[in-house]
Amino acid sequence: MVDFGFHPQSRQRPPLNWPLPPVVAGGALALGLAPLVALSAWALQPQAGLAPLALATGTFAAIAAAMLLGLRLHYPHPRLGACNGVTLLRAAMVSVLAAALLLPMRADDAGLAWALAALALAALLLDGVDGWAARRARLTSGFGARFDMEVDVVFALVLAIMVWQGGTVGIWVLALGLLHPAFLLASLIWPALRAPLPDARWRKVLCVAQMLALIALITPAMPAALAPWLAAGILAVLVAGFGRDIFWLVRRAG
Numbered sequence: 001m002v003d004f005g006f007h008p009q010s011r012q013r014p015p016l017n018w019p020l021p022p023v024v025a026g027g028a029l030a031l032g033l034a035p036l037v038a039l040s041a042w043a044l045q046p047q048a049g050l051a052p053l054a055l056a057t058g059t060f061a062a063i064a065a066a067m068l069l070g071l072r073l074h075y076p077h078p079r080l081g082a083c084n085g086v087t088l089l090r091a092a093m094v095s096v097l098a099a100a101l102l103l104p105m106r107a108d109d110a111g112l113a114w115a116l117a118a119l120a121l122a123a124l125l126l127d128g129v130d131g132w133a134a135r136r137a138r139l140t141s142g143f144g145a146r147f148d149m150e151v152d153v154v155f156a157l158v159l160a161i162m163v164w165q166g167g168t169v170g171i172w173v174l175a176l177g178l179l180h181p182a183f184l185l186a187s188l189i190w191p192a193l194r195a196p197l198p199d200a201r202w203r204k205v206l207c208v209a210q211m212l213a214l215i216a217l218i219t220p221a222m223p224a225a226l227a228p229w230l231a232a233g234i235l236a237v238l239v240a241g242f243g244r245d246i247f248w249l250v251r252r253a254g
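Going left to right, the sequence shown walks through residues 1 to 254 as this note's numbering numbers them.
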């Protein structure tokens, strides 16, 4: 009798392993997403020329290059995982949003504003998926957390510039996107700030609140009189949060 291997006890198949190394898989995914980024940026306003398309593809290329370098130097797992794929997809969406910074936005162009807000909201919703996927697949790593954080930094900066361009809030709104880069720059000259921070749910909630406020500020439904107050309130809470973390790090360093 020929044994084809179909036994009741063997119905549970072993987990599939992605055959490509993480760097190769990440590069292939980036190359696959790049044309989608370019096409989406061009579709926002075809008459805007090549500058928005170049900004979108350049932003995505820079993020993808940083990801590949991080995968090569710091990623401890043998496969890329869906978690990092989702983060790279978020980077592609943020890159398309960056293209809108060079578009000739008109005050009456509510359709484009709502489309950008919807894209930003989708990118924010996916922010909770990559961490969940990493934990589910047991692919959590310092690289994955840092990759996700850096995409969030670019995301917040793009949205803050978009709010400023809208004219309802002054240039000080850029601080909503520059606080974290400023913290990273300060850590280069202040060693106490380089120590890892303990996980805290309030920090994650604050990040989501920041993104939601920025998305709300770019929607046509946001009253012009309310926009500065919302931006100032979120900025005050962010400054307090960063101040608390800095105080903890300095005190820990002794």
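Heads up, the beta-carbon is just placed ideally off N, CA and C, and yes, glycines get one too.
DSSP three-state call for residue i: helix, strand or coil?
i    : result
D199 : coil
Q45  : coil
D127 : helix
S141 : coil
H74  : helix
D3   : Bear in mind that the predicted position of D3 carries a pLDDT of just 39, short of 50, making it too unreliable to give a figure here.
M222 : coil
P21  : coil
L31  : helix
D109 : coil
R252 : helix
L50  : coil
R79  : coil
L55  : helix
By the 10 Å Cβ neighbour count, where 16 or more other Cβ atoms means buried, how is residue i classified, buried or exposed?
i    : result
F60  : buried
P181 : exposed
A110 : exposed
I215 : buried
V208 : exposed
P22  : buried
V169 : buried
A118 : exposed
A224 : exposed
Rounded to whole angstroms, what's the CA-CA distance from residue i to residue j? Just pull it up for me.
i    : j    : result
L33  : M67  : 14 Å
A195 : R146 : 14 Å
A175 : L212 : 16 Å
G58  : L69  : 17 Å
A51  : L39  : 13 Å
L71  : F143 : 7 Å
Using 8 Å as the threshold, is the C-beta distance between residue i and residue j below it?
i    : j    : result
A25  : C83  : no
A120 : L89  : no
F155 : V239 : no
A56  : A41  : yes
A186 : L179 : no
I218 : V151 : no
L101 : A48  : no
P35  : S141 : no
L197 : D245 : yes
V173 : A231 : yes
G276 : L139 : Nothing about residue 276 can be read from this structure; the chain reaches only from 1 to 254.
Every unbroken alpha helix (DSSP H) within the segment 169-215, with a cutoff of 4 residues, ordered by chain: Qualifying alpha helix (DSSP H) stretches, in chain order: 175-189.
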